[in-house]
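Those sequence lines, one after another, are chains R, Y and U. The working numbering numbers the first residue of the first sequence as 1 and each following residue consecutively. The working numbering numbers the first residue of the second sequence as 1001 and each following residue consecutively. The working numbering numbers the first residue of the third sequence as 2001 and each following residue consecutively. Beta carbons: idealized from backbone N, C-alpha and C, even for Gly. Working notes for the structure below.
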Amino acid sequence: MEETNESTISRREMIVGTTAAIAAITLANVMGTQAAPHSVPLSLAKVSFTVNGQSHDLEMDTRTTLLDTLREHLHVTGTKKGCDHGQCGACTVLVNNQRINSCLSLALQHQGDTITTIEGLGTPDKLHPMQAAFIKHDGYQCGYCTPGQICSAVAVLNEIKAGIPSHVSASLLDTPQVTNMELRERMSGNICRCGAYSNIAEAMSEVAQKQA
Amino acid sequence: MKTFTYERASTPAEAAAASARTPGAKFLAGGTNLLDLMKLEIEAPQHIIDIGKIGLNKIESTPTGGLRIGALVSNTNLAAHPIVRRDYGLLARALLAGASGQLRNKATTAGNLLQRTRCPYFYDTNQLCNKRVPGSGCAAIAGFSRQLGIIGTSTSCIATYPGDMAVAMRALDATVETVKANGAKRTLSLDQLYRLPGQTPHLETTLEKNELITTVVLPPPVGGVHIYHKVRDRSSYAFALVSVGAILKKDGTGRVAVGGIAPRPWRIESAEPLLPSGAKAFTAQLLKGARPTKENEFKLALVERTLAAVLNEAKH
Amino acid sequence: MKFETPAGTNPIDQLKVIGKPTDRIEGPLKTTGTATYAYEHNDEVTNPAYGYVVGAGIAKGRIKAIDQTKAKAAPGVLAIVTAASAGPLKTGQFYVDRLLAGPDIDHYHQAVAVVVAETFEQARAAASLLKISYTKTKGAFDLAAAKDSAPLIKQGQFSPPPTTNVGNFEGAFASAPVKLDETYTTPDQTHAMMEPHATIAKWDGDKLTCWASIQQINWGVRDIATVLGIPKENIRLISAFIGGGFGGKGTVLSDIIAAALAARAAGRPVKVTLPRPLIANNTTHRPATIQRIRIGATPDGTITAIGHESWSGNLPGGISETATAATRLLYAGANRFTQLRLAVLDLAEGSAMRAPGEATGMMALEIAMDELAEKLTMDPVAFRIKNDTQEDPGKPGRKFSSRKLVECLQTGAKQFGWNKRQAKPGTVREGQWLIGMGVASAIRGAPILKSAARVRLSREGIVTVETDMTDIGTGSYTIIGQTAAEMMGISLDKVVVKLGDSTFPESPGSGGQWGAASATSGVYAACVKLREAVANSLGVSLEEAEFVGGQVRGGNRSYPLGDAAKATELVVQDEMTYGTLSREYAQDAFGAHFVEVGVNSYTGEIRVRRMLAVCHAGRILNPKAARSQVIGAMTMGVGAALMEELVVDKQVGFFVNHDLAGYEVPVHADIPHQEVVLLEDLDPTMSPMKAKGIGELGIVGVAAAVANAVYNATGIRVREYPITLDKLIGKLSING
Ligand SMILES: Cc1cc2nc3c(=O)[nH]c(=O)nc-3n(C[C@H](O)[C@H](O)[C@H](O)COP(=O)(O)OP(=O)(O)OC[C@H]3O[C@@H](n4cnc5c(N)ncnc54)[C@H](O)[C@@H]3O)c2cc1C
Ligand code: SF4
Ligand code: FES
Ligand code: FES
């Protein structure tokens, strides 16, 4: 039997012609810049945002995710890549105080955004209370999921405070409480294969109690 | 990921027009499904129109007591909206059962409706898949089909629509408003929006190429107990094996839509009069003509039993 | 230093630093994103190119041709490496997989090419432009189908004897008044560590530096040398932080070889990370097993015959899953039989994953024990206690060095409220939920291996430890620091620990649960030498010298420790090697797991409600880290019980659900608060540390305890893991 992998190309749109050189015709007007059209099939575009308080004006390959922008271009490597497909949570960062998976977001989608990564929460000399609680309760082992867990944990407590319900909230109308089950459900987008879950929940409870 | 050009649209009309102007263009909302598929080159748009900031992020009451939901409202904001929580509990519950907190912050209402199947063979470009490459064959039918569809499927594709929110919206009789590149607007029910695969599983919706979803409209609330029961192997962050969205009245009547079993949220209105007779009678009607594989046959029983659990819960 | 007779009292026994639940010393780095993992060495490598690995699109066959025209012409592309251009490559000495396929393809997603470009985006895009045509050949993918013709395994370094016999098993089993004969299956599982395999490779002339994610640095260097055919001396391998391994990063896999070859071809450092969807089929996994267990007993619950046969599959030459290991040691019984068979399968390589052998075998054995207890109408805890043994049942006279399995079971039963368990299954209800409790024993070998370390003392009194031991989340940094601090009489903040670099003295690395015990013993040996050097330097007699509070006391004088290095830094190195104690004694760690589950009587959904582990595993060097190892292992055990399965498509020949959405591992919501009890234990036959490993023990038996709890809740016995709701609902009666 003979096979080739060329069949991998997939959908309707593709038939339109994948080899055509792409000109960034729309760049100049959309970006409000004088970007020259590119004749090579590489497309760049500009974006500006701040990361941990520092502003960046970047010109990126349009394909670059926020995650790869942070790690490979800005060399802010605290944010981790576990799957690159939204399936693990290691890449969790805070964008305008909301947590997202930075692997499923283009850098270009963040024009004007305020981005906070694990490095922006605290440093070894000046730990964020959540970082300190993770250390105290041993809420990590290999440490690879940890930046994502901590960013999520910080966001989760804010989400509960803001009254956003969850799958396990008994009532949609009552204000959600910081229960063990609420924390666990809300943290479920952050996989820890080392299995530090039980300790993470304790770290979070402690921070929540101190905040209350 | 193939290279693409990128632009940010600032109004719905501009987005639709831009899409018509550029071949191979695709709208980017949250990006949580499209970028995932682009990385695998299952999708390969030549041009991306970022619609994140076209102003469709509001939730407004309609004069008749319903709700208009902007296409770009995030899953989190929709689930947390006070009116949704009070009057459309089923919708809030379905949203909160989906994906993860991070993904719900990014995922949008229209993007969620249009998310594509999670069939594992669709996701692996080395495998035969009629949806990805029309006419190539379907590896799933004789392969690993535990999660896949049992009804509404065809001999060319047994994939399911994987989402949760749309199940609730189907039960709530939501409609979708769109605008085309020429400015024409139309309204579709969800059954009108989603196609069944037949022999063309690559055609998933009836939207035209440059048609933009602008709004989802919910009719005035239907009273009753709202329950969304999602069944999966792990407790969270997993797609449904089966999900049952129900609105049930005290007298036992109500409506039910089911997820995880078909190419679209599965609701058969004509079966609903059987609800007061119990889960067995209703499910028999709902799943009439089902064609499960050996691996997903269990879903027949699972639908009935999940519904039984829901009916039981509604009584308490 | 050689360890030949059981340890007496030594400085470790002071327990001023050792044995304390100290926070991890690298915690501030890991929690702030400043610990640097393999792919992140931007300071050391400033201008890397990006390599993207392409996996085979078929399961078995040959590459006919690779058309590189389009890929080569793609923007940014610097080089493309295939087997044809790579030159001869060998396989390593542990994994048997060929790390770059071609022309033959041995399994799905085996690496066939690496495409190098200026950026990650360019490399990934160009990779998909390679046009590869194949000739497919038929492969074997179905363990059940291959079972009957599977030959016995071959004994070897990682393989026990294929058959073991004690007494007359067949006769005793045949005549046993109460018996069980059942078959159990466990599926293929993937490590799914959160950090994908990743490497940055950099050549300086013929010298190669790899920043990679490798659990055993010594194996890594050896295998890079073997595969590439370069001298070991020319290789430097660095893995200072490893984002989880669980056995899946034992030594060299395709990322390292791809990066090294690509860097050579591109004339530039190259970084490679395996795409997540490639990992399950490209790298190694825990292989599936079919296990037949036969146990015969007298009506009072005395086991008279115990037999365990297991079948697994692998690539030609691969190791077997030694699922019968625990059965040889765990319970008494005069007549015993084990056998291992291994089929050739054309799936990815099967290899070690957390507690290989024991974890898998105990998934079966501990259900079998539950089943037999029920037949005997005995409590499952009592049945296990009844069959405890204090000597190796296969070698009468060979004692266990320390074994408190009975105490583990008793302590656990008490703490868990086992007496509330209803022996009759399916009788405890809460609304829609059926509630049940399950128990299982745990045993895991406690190997210990030669390990070396270098220690330095600075004039400031700072002790720096260097060893190529790795920390994969196990707490190595901390317990090694604690060891040095205890030995030198200083506080932990006066110790610097440097790990995971092949320029440091050799340790056995993280694997086989030997890491903690071995590496700390190596540090002990080095510190003994440093104490001598210090005493010498200060002119204090070693016999009199006391190392306390950062001071060295001798005679009537007291010196700050750093004074010994006033003139020049003191640097010593030593290793710990071992005599025959491990043959004289059976050295194992023990435990007991208790689990409570709820099963939804309508839908069959299973949720774990409570978990308790009791462990007896030598001296606990750091109870906080040890406890974390155990809860992590319990979590993985829940995954094994309820959801983890690499599904084999037997037609195409691959693991279908090869990403983290398809292969489900437990999430936060699945795991309740977990309790761990660490029983007091000092095992002087192990080493001066008197410690054993615990990280793998924690997973052994967990899945069976969950399975037994599901049975107790529902009365439905599932013998095919994972226990998912589709295996229950047909038999479950609705309730509530
Ligand atoms: C690991 C994982 C787990 C998940 N689990 C669940 C789950 O359990 N339940 C669930 O329901 N979902 C789940 N999801 C899916 C997630 O909800 C969707 O990815 C998300 O809702 C898509 O929204 P988006 O805005 O990001 O869409 P995008 O990715 O931006 O767009 C999706 C598609 O819709 C098109 N589109 C977007 N907006 C419009 C518009 N206004 N008009 C026309 N076309 C438009 C895009 O062109 C694209 O084709 C999961 C996703 C991941 C990655
Ligand atoms: S079921 Fe549909 S999506 Fe899945 S492989 Fe078959 S055709 Fe493709
Ligand atoms: S890397 Fe983004 S979710 Fe895994
Ligand atoms: S700490 Fe290792 S994955 Fe969470």
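Under 7 Å Cβ-Cβ, which residues of chain R neighbour residue i?
| i | result |
| --- | --- |
| U:Ser-2628 | Asp-138, Gln-141, Ala-196 and Asn-199 |
| Y:Gly-1052 | Gln-109 |
| Y:Asn-1105 | Gln-98, Arg-99 and Ile-100 |
| U:Leu-2029 | Pro-124 |
| U:Ile-2290 | By Cβ distance, chain R contributes nothing, its closest Cβ being about 27 Å from U:Ile-2290, past 7 Å. |
Applying a beta-carbon distance threshold of less than 8 Å, which residues of chain U neighbour residue i?
| i | result |
| --- | --- |
| R:His-75 | Asn-2042 |
| Y:Pro-1292 | Within 8 Å Cβ-Cβ: nothing; Y:Pro-1292 doesn't reach chain U, min ~11 Å. |
Show which residues of chain U have a CB atom less than 9 Å away from the CB atom of residue i.
| i | result |
| --- | --- |
| R:Pro-129 | Near R:Pro-129 there are no residues of chain U at all, since even the closest Cβ is about 11 Å away, more than 9 Å. |
Would a check of beta-carbon distances place residue i closer than 8 Å to chain R?
| i | result |
| --- | --- |
| Y:Ala-1281 | no |
| Y:Lys-1250 | no |
| Y:Phe-1298 | no |
| Y:Ala-1092 | yes |
| Y:Ser-1154 | no |
| U:Leu-2660 | yes |
| Y:Gln-1087 | Looking at the sequence shown, residue 1087 of chain Y is not Gln but Asp. Not one chain R Cβ lies under 8 Å of Y:Asp-1087. |
Beta-carbon of residue i versus every beta-carbon of chain Y: anything under 8 Å?
| i | result |
| --- | --- |
| R:Glu-59 | no |
| U:Tyr-2050 | no |
| R:Ser-48 | no |
| U:Ala-2125 | yes |
In chain R, which residues lie with their C-beta within 9 Å of the C-beta of residue i?
| i | result |
| --- | --- |
| U:Phe-2241 | Cys-142, Gly-143 and Tyr-144 |
| Y:Phe-1004 | Ile-22, Ser-43, Thr-62 and Arg-63 |
| Y:Thr-1032 | Gly-86, Ile-100, Asn-101, Leu-104 and Ser-105 |
| U:Asp-2468 | Neighbours of U:Asp-2468 on chain R: none; closest Cβ ~18 Å, over 9 Å. |
Just to confirm the assignment, what range does the alpha helix (DSSP H) spanning residue i have?
| i | result |
| --- | --- |
| U:Phe-2120 | 2120–2127 |
| U:Pro-2740 | Nothing about residue 2740 of chain U can be read from this structure; chain U reaches only from 2001 to 2736. |
| Y:Phe-1298 | 1298–1315 |
Using a Cβ cut-off of 9 Å, pull out every chain Y residue sitting near residue i, in sequence order please.
| i | result |
| --- | --- |
| U:Gln-2432 | Ala-1309, Asn-1312 and Glu-1313 |
So residue i is in the beta strand (DSSP E); what residue range does that whole segment cover?
| i | result |
| --- | --- |
| U:Lys-2498 | 2495–2498 |
| Y:Leu-1288 | For clarity, residue 1288 of chain Y is Lys in the given sequence; the question names Leu instead. Counting along the chain, Y:Lys-1288 falls outside any beta strand (DSSP E), and DSSP gives it neither H nor E. |
| U:Asn-2600 | 2588–2600 |
| R:Leu-44 | 44–51 |
Can you find a CB in chain U that lies within less than 8 Å of the CB of residue i?
| i | result |
| --- | --- |
| R:Met-204 | no |
| R:His-85 | yes |
| R:Gly-32 | At R:Gly-32 the pLDDT is 32, less than 50, meaning the model places this residue with poor confidence; the figure from the coordinates comes in the next sentence. So, not an interface residue. |
| R:Leu-157 | no |
| Y:Asp-1233 | yes |
| R:Gly-112 | no |
| Y:Tyr-1237 | yes |
Which residues of chain U have a Cβ atom closer than 7 Å to the Cβ of residue i, listed in chain order?
| i | result |
| --- | --- |
| Y:Ser-1074 | Under the 7 Å cutoff, chain U gives no residues; its nearest Cβ is about 21 Å from Y:Ser-1074. |
Where DSSP assigns a beta bridge to residue i, which residues make up the other side?
| i | result |
| --- | --- |
| R:Leu-94 | R:Arg-99 and R:Thr-116 |
| Y:Leu-1188 | Y:Val-1176 |
| R:Lys-126 | R:Thr-123 |
| U:Cys-2615 | U:Gly-2591 and U:Leu-2678 |
| U:Asn-2314 | U:Val-2344 |
| Y:Lys-1039 | Note: Y:Lys-1039 sits in no beta bridge, so no partner. |
| Y:Leu-999 | In this structure chain Y extends from 1001 to 1316, so residue 999 of chain Y is not present and cannot be described. |
| Y:Leu-1218 | Y:Leu-1067 |
| U:Ile-2058 | Answer by DSSP bridge pairing: none, since U:Ile-2058 is not bridged. |
Given 8 Å, three or more beta-carbon pairs between the region 2073–2088 of chain U and the region 2109–2121 of chain U = yes
Is the region 2045–2054 of chain U in contact with the region 141–154 of chain R, if contact means three or more CB pairs nearer than 8 Å?
-> By the Cβ rule, the region 2045–2054 of chain U does not count as touching the region 141–154 of chain R, because fewer than three pairs are nearer than 8 Å.
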